[in-house]
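In what follows, a structure is listed as structure tokens, so that the remarks can point back to it.
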Amino acid sequence: MVKIEDIQNYGKEHFESVTASANNLQSGVQAIATAYGDYAKKSFEDTKSFVEKLSGVKSLDKALEAQTEYLRSSYETFVAESQKIAGLYSDCAKQTFKPYEGLVSKFAPAAQ
């Protein structure tokens, strides 16, 4: 027989899990947005620096050297920031669903 207290406790636990999950999602999305903003700002500054450097170049060799350096640096930054942001997405998902572990374990059959 199911008791009213059991139903109330389940409802309370579920509400607390939803609240914790929403808070974790909010902080995760905020961290991701900050990382994107930081990357965009750095990319803009790097491009601006490259254009200034390129405008002062007097020979084709130096222009190609500057362009190669800029492309290499841009690619390395892109890869590093992509990995960082992917990690933030992963952490956000883990933290968002972590509060539900207790509820799921109550209904999942015990491993034999």
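Its first residue numbered 1, the sequence shown is counted upward by one per residue in this note's numbering.
For glycine and all other residues, C-beta sits at the position ideal for the given N, C-alpha and C.
Reduced DSSP secondary structure (H/G/I, E/B, other) of residue i
i   : result
V29 : helix
K3  : coil
G37 : helix
G56 : coil
Residue i: first and last residue of the uninterrupted alpha helix (DSSP H) it sits in
i   : result
G87 : 60-97
Take every Cβ of the stretch 54-62, pair it with every Cβ of the stretch 81-97, and state whether three or more of those distances are shorter than 8 Å. no
Count the CB pairs spanning the stretch 73-92 and the stretch 39-49 that are closer than 8 Å, and state whether there are at least three. Yes: at least three Cβ pairs fall under 8 Å.
Are three or more beta carbon pairs between the stretch 25-35 and the stretch 82-90 nearer than 8 Å? yes
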